[in-house]
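Protein chains in written order, with the UniProt record's numbering: chain A, 1 to 661; chain B, 1 to 661; chain C, 1 to 661.
Notes follow once the structure below has been shown.
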Amino acid sequence: MKIPYGGDYNPEQWPRAVWEDDYRLFDAAGVDTLTVGVFTWGLTQPSYDKYDFAVLDGIVSRAVDGGRKICLATGTGAHPAWLAASHPEVTRVDFEGRKHRYGARHNSCPSSPVYRRLSTEIARRIAERYAGNPAIIAWHVGNEYGGACYCPICAAGFQEWLQKRYGSLEALNEAWYTTFWSHTFSDWSQIEPPSALTEHWRGPDHTAFQGITLDYQRFMSDALLANFCDEKAAIREFDSSTPVTTNFMGLYRPIDYHRWAAHLDFASWDNYPPDDRSAARMALAHDLMRGLKGGAPFWLMEQTPSVTACRDVNPLKRPGVMRLWSWQAVAHGADAVLFFQMRAGRGASEKYHGAVIGHSGRSDTRVFQEVAALGAELSALGSVTLGARTPARVALLFDWDSWWALEISDGPSRLVRYLDVVTAYHRALWTLGVDLDVVPVTASLTDYDVVVAPALHMLKGDLAERLSAVAARGGTVVSTFLSGRVDEDDNAFLSDVPGPLAGLFGIRIDEWDARDRSHVNPVAIGAATFPARLIFELVIPEGATVVGTYTGDFYTGTAAVTRNDHGQGQAWYVGTALDQAGVTSVLRPILAAHDLLGPLADLPDVETATRVAPDGTRILFVLNHGPSPAPLPAMTGIDLLTGAAPPARLAPNGVLVLRAS
Amino acid sequence: MKIPYGGDYNPEQWPRAVWEDDYRLFDAAGVDTLTVGVFTWGLTQPSYDKYDFAVLDGIVSRAVDGGRKICLATGTGAHPAWLAASHPEVTRVDFEGRKHRYGARHNSCPSSPVYRRLSTEIARRIAERYAGNPAIIAWHVGNEYGGACYCPICAAGFQEWLQKRYGSLEALNEAWYTTFWSHTFSDWSQIEPPSALTEHWRGPDHTAFQGITLDYQRFMSDALLANFCDEKAAIREFDSSTPVTTNFMGLYRPIDYHRWAAHLDFASWDNYPPDDRSAARMALAHDLMRGLKGGAPFWLMEQTPSVTACRDVNPLKRPGVMRLWSWQAVAHGADAVLFFQMRAGRGASEKYHGAVIGHSGRSDTRVFQEVAALGAELSALGSVTLGARTPARVALLFDWDSWWALEISDGPSRLVRYLDVVTAYHRALWTLGVDLDVVPVTASLTDYDVVVAPALHMLKGDLAERLSAVAARGGTVVSTFLSGRVDEDDNAFLSDVPGPLAGLFGIRIDEWDARDRSHVNPVAIGAATFPARLIFELVIPEGATVVGTYTGDFYTGTAAVTRNDHGQGQAWYVGTALDQAGVTSVLRPILAAHDLLGPLADLPDVETATRVAPDGTRILFVLNHGPSPAPLPAMTGIDLLTGAAPPARLAPNGVLVLRAS
Amino acid sequence: MKIPYGGDYNPEQWPRAVWEDDYRLFDAAGVDTLTVGVFTWGLTQPSYDKYDFAVLDGIVSRAVDGGRKICLATGTGAHPAWLAASHPEVTRVDFEGRKHRYGARHNSCPSSPVYRRLSTEIARRIAERYAGNPAIIAWHVGNEYGGACYCPICAAGFQEWLQKRYGSLEALNEAWYTTFWSHTFSDWSQIEPPSALTEHWRGPDHTAFQGITLDYQRFMSDALLANFCDEKAAIREFDSSTPVTTNFMGLYRPIDYHRWAAHLDFASWDNYPPDDRSAARMALAHDLMRGLKGGAPFWLMEQTPSVTACRDVNPLKRPGVMRLWSWQAVAHGADAVLFFQMRAGRGASEKYHGAVIGHSGRSDTRVFQEVAALGAELSALGSVTLGARTPARVALLFDWDSWWALEISDGPSRLVRYLDVVTAYHRALWTLGVDLDVVPVTASLTDYDVVVAPALHMLKGDLAERLSAVAARGGTVVSTFLSGRVDEDDNAFLSDVPGPLAGLFGIRIDEWDARDRSHVNPVAIGAATFPARLIFELVIPEGATVVGTYTGDFYTGTAAVTRNDHGQGQAWYVGTALDQAGVTSVLRPILAAHDLLGPLADLPDVETATRVAPDGTRILFVLNHGPSPAPLPAMTGIDLLTGAAPPARLAPNGVLVLRAS
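Below, the structure is given as structure tokens:
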């Protein structure tokens with residue numbers, strides 16, 4: 001038992017002779033796991049009434065013969081050309097109202113009955129054929145589900161979804177506030193998908209009716225989930241136990257992964273960070289993925305060993321970076337480390353995407369050597385981290401509904417982006433070295449000492465009560481500007497801002513200013529001042545203590561940051577977008593008060609993360625993301641990668657996997 | 001009798017209990033006038049053959065019971081969902097050729113027979129029901145008419161409009177210069193709306209045939225006007241006297257408000273300036289609106305008390321600014337001061353738009369307090385300004401045809417924007433404190449000493465003669481680059497530039513240079529030099545005196561600014577885009593020569609404006625838009641807001657309403 | 001015999017009286033050649049079954065009577081309105097999938113049978129009518145062919161074109177690498193034009209399947225070529241000898257002019273450079289055009305005498321620039337100098353486009369005077385340059401397939417643009433004063449000492465062997481990053497980068513980095529360092545000598561520039577985008593070694609070019625593009641423009657036409 005290592009492998013693109021080269025190189029690199037079949041629908045069903053598994057049989061057999069474990073895909077990452085030609089309904093209508101024809105991938109209308117029937121059928125046949133093969137350790141359904149469709153079939157599906165949600169048009173009209181702009185619907189059939197041809201006026205985020213757009217996002221996420229569930233159910237007809245997953249995309253807005261999570265047996269995701277300064281962001285995404293299944297380990301399903309292809313500029317991962325980021329994934333809960341892709345394709349849009357084996361088939365490249373070295377490390381590590389969990393006392397709330405509602409809102413500011421706020425608060429926690437869980441707003445908060453809820457725009461269910469309970473029992477709650485504004489239907493609360501949270505924070509907000517990015521109003525917190533930008537809520541204390549004040553404009557001296565005693569704990573509110581140092585300065589004393597500062601909190605480039613194995617073994621990962629060697633304090637334990645005690649300095653890109661001694 | 005004060009009120013969005021809160025707060029704020037029913041079509045006609053006025057009855061009754069005056073809307077600001085569903089023809093086809101379905105507002109095809117019939121009918125029924133109610137002081141038709149439709153019904157309407165305009169295809173082909181690019185039309189039915197699918201190549205301003213595009217703009221303005229006239233005629237069936245208006249949008253390009261003006265009983269408009277440095281721009285817009293009806297007072301139909309919602313960034317009006325801008329409107333001719341909106345809606349795209357009463361319903365907010373304070377001031381002021389007119393001796397020509405022709409022109413420069421030129425010349429006049437009228441090119445010019453015609457690209461009718469007459473009798477005419485270029489059909493004059501104006505200005509122009517914004521060619525005027533940009537006409541004097549010369553490039557020393565004696569007066573020509581100081585330096589001596597400099601012309605941030613009441617009372621408004629207190633010279637009169645003599649200093653955002661003593 | 005001088009003339013836009021003015025001014029300007037009829041289709045065929053040549057007869061007669069030579073167009077630069085109305089198939093479907101209706105120009109679907117039949121017929125009738133008129137010196141087919149259509153007729157045409165190219169779907173699937181993303185086509189009818197509705201995801205350059213998009217570009221270029229060939233064949237029915245051309249657009253990506261060239265009797269093009277710093281770029285375009293027909297002279301079919309109209313900003317050609325650029329064209333092989341246009345149109349989108357005769361009809365304008373002066377010079381020059389050829393020993397490879405393949409590639413960098421690379425290498429050669437040919441990759445290379453192949457992304461046929469042969473016999477080959485990557489189908493070579501060129505250059509490349517424009521990695525070459533940007537190939541010498549090394553990042557000290565001895569010559573490889581000085585520093589010693597540095601290589605603003613007349617007369621053109629007088633070394637010969645010996649200094653915009661004495 002060890003961490004599965006390998007990745008996406010498409011031998012159907014190559015003659016058999018190349019396969020033999022591949023397996024020789026897999027051996028050299030310690031590759032034990034192959035994801036196969038992700039785009040094989042056209043291969044396994046070459047026409048409407050013909051199925052042909054000869055090639056896939058060969059691929060599976062060769063893997064079995066080679067002693068590999070298999071993550072077997074259903075192949076529905078893209079539909080075949082014949083299907084689009086014979087059943088045009090399977091292609092999507094886009095946001096601009098344009099009916100697409102055959103091409104690309106992610107191209108299936110999720111509501112199309114033909115698509116649903118045939119994608120289910122191919123999954124069923126594959127499961128029927130390969131279930132029971134002991135090499136198969138997971139089923140991989142679809143691929144990077146995403147996008148949206150606005151076709152008439154989806155419109156009907158939306159209407160049906162709305163009937164289930166609202167029961168009556170009266171309820172729907174009230175939820176959508178349709179009296180505004182004479183929008184009352186008198187028949188379900190009048191409801192259109194919100195698009196450039198209906199409610200939207202400057203792209204997907206600019207809508208006349210937020211409620212309609214918000215519900216369509218929810219519907220489309222559910223519609224795509226139904227596709228996943230279709231295929232999973234078909235697999236379960238033949239295999240009751242092998243886990244089923246699909247590869248997520250981390251911080252991906254269109255799909256509410258929290259709503260999907262219950263339907264996956266384990267989470268997995270593809271890590272393609274925007275740039276090489278993304279260590280904190282990747283940590284957030286890993287924690288979000290781990291949080292999908294209540295803290296259970298996930299798979300790193302894809303990462304590039306070297307370069308991406310689809311970006312405008314595709315920089316190369318420097319030496320050591322692929323290893324560092326692989327270990328970061330493990331540190332945050334990954335129980336598999338997989339690449340896209342094992343061998344570089346010759347043609348089409350990913351021919352320049354990095355691969356373990358390049359076009360020349362060499363094993364003496366830097367990239368192959370690094371892959372092989374990591375393979376050896378993972379083999380040496382063995383099973384110690386498998387199933388380990390993160391012992392977090394801090395929760396960061398993450399909510400797709402708030403993400404959507406905030407970013408489709410007209411006013412106060414389009415410049416406030418949900419992820420910017422969340423990542424600022426996460427980065428502060430990450431820099432301060434605390435282990436944290438990223439959880440949905442429905443998660444139990446009873447185990448956390450600190451709960452951070454940035455830009456909690458929409459407040460649903462009993463969350464206000466549960467947050468109050470955190471403070472009441474001695475915990476600390478932190479929230480920010482633009483929280484507590486709207487209910488589940490995106491209708492404003494008819495009370496003081498921040499709505500049901502006003503009491504917890506001991507404040508009210510009557511007005512707020514928004515300004516361009518260039519406008520700065522420094523906020524004084526104690527002896528320090530921090531630039532604040534974009535939005536400035538004029539916070540009126542109603543019991544809270546003023547911690548930070550604006551130093552400019554007509555509201556100079558009024559509250560920007562407050563702290564309210566609540567029960568045995570506290571609730572902090574930050575009414576403006578402080579810069580990163582400002583956010584960190586707010587969070588540091590809070591963590592300190594709960595004794596939650598990380599062991600290396602003063603080394604901002606050095607990340608720490610803890611996992612506790614099922615047998616109780618506690619493992620501390622230490623990763624140096626900085627450009628310089630980091631001096632380490634005396635630390636106990638043994639580095640599982642070297643078998644030695646931890647060194648006094650950790651090299652750039654260096655990794656320690658310390659088992660408590 | 002006093003200035004009506006209040007604004008848009010949508011109680012149909014609320015339960016009755018809230019209405020009572022509203023009226024209590026209206027009392028507290030001195031609100032006496034409510035605009036109701038702007039988006040009630042779906043409410044009053046819930047299906048094709050059903051009308052239901054119960055809610056609107058209640059709204060009107062409650063207002064009457066509360067002693068309010070009513071501006072009653074026909075409710076056609078948006079059409080109902082059932083109408084789009086049952087009659088898809090009512091929705092528009094956009095510039096990209098996309099047929100829209102139900103959504104948003106401003107969504108009706110103006111040419112649709114069903115839309116025209118039903119919108120007229122709802123106006124008729126509302127007029128029938130409510131005409132004679134003494135609380136109704138105005139009818140409000142539609143809402144912010146605008147946009148454009150490119151559907152087949154509009155295409156047919158366009159062809160019909162063209163037949164009326166041109167009489168024959170021969171005349172049309174000549175006007176459109178269709179011999180160019182083999183474009184001769186041999187049948188009216190061949191003519192398409194100019195769009196992204198026909199003549200346009202990079203958006204609405206880039207057309208292969210300016211004549212076609214120009215005529216479509218004229219047609220569409222007329223088509224929307226017909227919708228207004230439909231409803232007005234229906235109202236007039238039941239009410240022969242109460243004035244009818246619709247709310248304009250100030251400097252709004254798509255609609256030629258001059259062509260509409262004759263059909264309105266009074267002008268009204270919605271003032272949403274782009275930023276808080278817009279004092280001069282708002283003054284221009286107010287003067288333009290006043291000029292629509294020959295100087296008669298207009299209504300400020302909408303302004304926000306605090307923030308907008310639809311901008312990317314929606315800054316807050318600082319304390320005092322709402323009051324200052326309200327008085328500015330009155331200073332320029334407003335006889336009503338109204339807000340959008342009285343109570344903030346809960347949902348959809350304007351839930352964050354500012355309102356007199358916010359979501360929490362408080363009266364102790366800063367915004368409510370300022371609204372109430374202004375209400376008290378207006379009540380105290382009483383009727384003195386009602387019906388007052390502006391005694392202007394300066395006219396600024398404003399022409400939608402020139403606006404359109406200039407901005408759809410290929411060459412010389414897309415960077416020259418009509419409003420930039422107009423606002424530069426207006427700002428200079430405004431800074432210099434002169435009262436001015438903004439008038440159409442058809443206006444009588446006989447009462448003006450100075451006529452300024454910036455970027456008078458298109459020269460129509462007898463305007464050249466009338467401008468010459470101004471100079472001949474001792475007045476001064478000022479024009480600029482890109483004037484006198486084309487005739488009514490956008491065909492170049494076959495004579496020296498500036499066409500029929502060449503004689504008046506005593507110049508000719510053979511060539512012109514255009515350069516990027518970063519390129520500066522300083523112009524020397526007397527001892528000073530001013531940066532000039534974008535376009536450089538090489539002005540050849542043919543009798544004119546050279547006032548300013550270029551100091552750079554191969555045309556160094558040639559004329560950029562000229563003055564020509566004509567009769568007893570003068571004609572000035574400015575051949576390049578001088579910076580603001582340059583424009584002001586040209587206009588200052590002209591105003592001085594006519595003894596027209598304002599009393600505070602040396603205080604650039606302090607605006608003055610005069611109104612003369614029907615009884616001859618002369619009122620001088622003084623408004624400080626600057627950040628600092630302004631020292632005032634000794635001024636006679638009494639400040640109607642305080643009852644005191646004018647102070648020695650005027651605070652920032654300060655307002656004086658001085659009645660000559 | 002002299003250089004034809006004149007240009008596009010559209011008297012059909014004017015009454016006859018104006019024609020007489022025109023001819024008087026033509027006489028004054030030395031205009032002897034008129035291009036007529038470019039947009040006359042609607043005039044000569046006013047309806048489906050009616051042809052009317054009365055006006056065109058008059059135009060031709062008047063030109064003949066005036067003693068002018070005629071370049072007679074078929075008039076198909078735009079189709080008539082009645083054709084689009086009666087046969088909607090003739091209009092295009094655009095990349096976004098939108099069916100266009102009548103408007104603009106370049107508006108015909110090249111595959112439409114009706115369009116093909118009628119455009120051929122009008123060409124046939126014009127040829128029939130005017131063939132044999134001795135004034136006609138050339139036929140001008142269509143106008144600036146370009147753009148693309150994505151309609152169903154083109155889809156069928158594409159499928160047919162593919163069947164011819166590939167023979168079988170098996171071959172097509174392999175070429176397009178369709179196993180990737182399950183794209184296997186099982187019927188030709190499944191193949192769609194690649195567009196925003198099928199394979200593309202962010203505009204025309206972002207495709208999921210490069211092979212499909214690449215073939216569509218090839219197909220569309222061929223489809224438009226077929227239109228040209230249709231008309232040419234019709235002309236040839238009546239005129240077997242007068243040369244036929246169409247006006248190209250220089251560095252125009254959508255059409256592979258190399259594939260077209262064989263079908264033209266001579267090349268001609270329209271020179272509208274992007275700005276007034278385009279001397280080198282124009283030289284490249286001239287040389288490319290000359291290279292189309294193996295070095296034979298071409299026509300400068302259009303240039304503006306003063307300004308363009310369609311740009312956002314249309315700057316004026318400074319005094320002397322029109323003359324300088326006209327002579328530059330001649331220096332590079334032009335045997336005609338023609339303007340667009342002779343008289344400025346009154347209306348539509350080119351009314352502000354520069355013309356020899358402006359709207360006022362004056363002859364005392366600067367522009368007219370300069371045109372007349374050049375006319376006199378050309379008359380004085382006579383026939384000496386006619387038919388002269390350029391004696392080049394340097395070849396620059398230019399390849400539309402590489403252009404397309406590079407710019408539609410996903411990865412490594414969208415910031416690398418083919419023309420940027422080509423123009424950098426061309427500019428270096430141009431600055432160094434060497435005469436060069438710009439040739440297709442299929443050209444014979446046996447006559448060249450130096451062959452420069454920038455960004456030779458796609459390597460086709462036996463080119464690798466022919467390049468090796470250049471070096472083998474003592475020549476020098478230069479290539480750059482991103483060369484030798486893909487085969488004719490855009491599939492990566494399964495060998496070391498740069499593929500079949502690896503041996504010639506003695507290198508291999510395993511990995512490459514790409515970075516934003518702001519990122520610089522200086523390259524050390526000898527004692528100098530040069531900034532390098534965008535892409536950094538890590539070059540591993542396999543026999544080559546390291547000439548330049550990176551000085552930054554983890555690959556510091558590794559090879560960026562290499563030189564490999566091959567046979568008696570050398571092959572240089574530049575693995576990164578050096579700045580202009582860096583490129584020049586690489587090429588200077590290479591030219592020097594072959595004794596190919598120009599006589600004025602140290603005067604960067606002074607261009608030289610040589611032509612050798614059929615009688616052996618050698619003419620050296622010297623052109624000063626700089627802002628200052630250039631000191632000239634002692635040069636022999638006589639300046640044909642002055643009859644004097646060459647001066648010691650050449651004024652800005654100055655031109656010498658030196659005949660060796």
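Beta carbons are placed, not taken as given, at the ideal position from N, Cα and C, and that holds for glycine.
Continuous beta strand (DSSP E) stretch holding Arg618 of chain C: start and end: Arg618 to Asn624
8 Å contact criterion, which Ala73 of chain A and Val36 of chain A should meet: CB distance rounded: 7 Å
Mind checking Glu370 of chain C: buried by the 16 CB within 10 Å criterion, or exposed? buried
What does Asn314 of chain B touch in chain A if you count any residue whose Cβ is under 7 Å from its own? Gly411, Pro412, Ser413 and Ala514
Hey, does residue 662 of chain B have any beta-carbon neighbour from chain A nearer than 8 Å? This structure cannot speak to residue 662 of chain B, because chain B is shown only from 1 to 661.
Does the segment 208-217 of chain A come within contact of the segment 480-495 of chain A, defined as at least 3 CB pairs closer than 8 Å? yes
Report yes if the C-beta distance between Met282 of chain B and Gln328 of chain B is below 8 Å; otherwise report no. yes
Buried/exposed call for Gly433 of chain A, threshold 16 Cβ in 10 Å: buried
For the candidate residues A:Asp256, A:Cys71, A:Gln159 and A:Asp187, whose alpha-carbon lies nearest to that of Pro243 of chain A? A:Cys71
Pick from C:Leu338, C:Pro531 and C:Leu482 that is closest to Gly575 of chain C, judged by C-alpha positions: C:Leu482
Where do the ends of the beta strand (DSSP E) carrying Gly7 of chain B lie? Tyr5 to Tyr9
Name, going along the chain, the residues of the segment 490-508 of chain B whose beta-carbon falls closer than 8 Å to a beta-carbon of chain C. Asp490, Asn491, Ala492, Phe493, Leu494, Ser495, Asp496, Val497 and Arg508
Counting only C-beta atoms, is Tyr102 of chain C closer than 8 Å to chain B at any point? yes
Since Thr385 of chain B and Ala613 of chain B are thought to touch, with beta carbons under 8 Å apart, how far apart are those beta carbons, to the nearest angstrom? 7 Å
Unbroken alpha helix (DSSP H) run spanning Val451 of chain C, endpoints: Not the alpha helix (DSSP H): Val451 of chain C falls in the beta strand (DSSP E), residues Val450 to Ala453.
Boundaries (first-last residue) of the alpha helix (DSSP H) holding Asn143 of chain C: Here Asn143 of chain C belongs to no alpha helix (DSSP H), and DSSP marks it neither H nor E.
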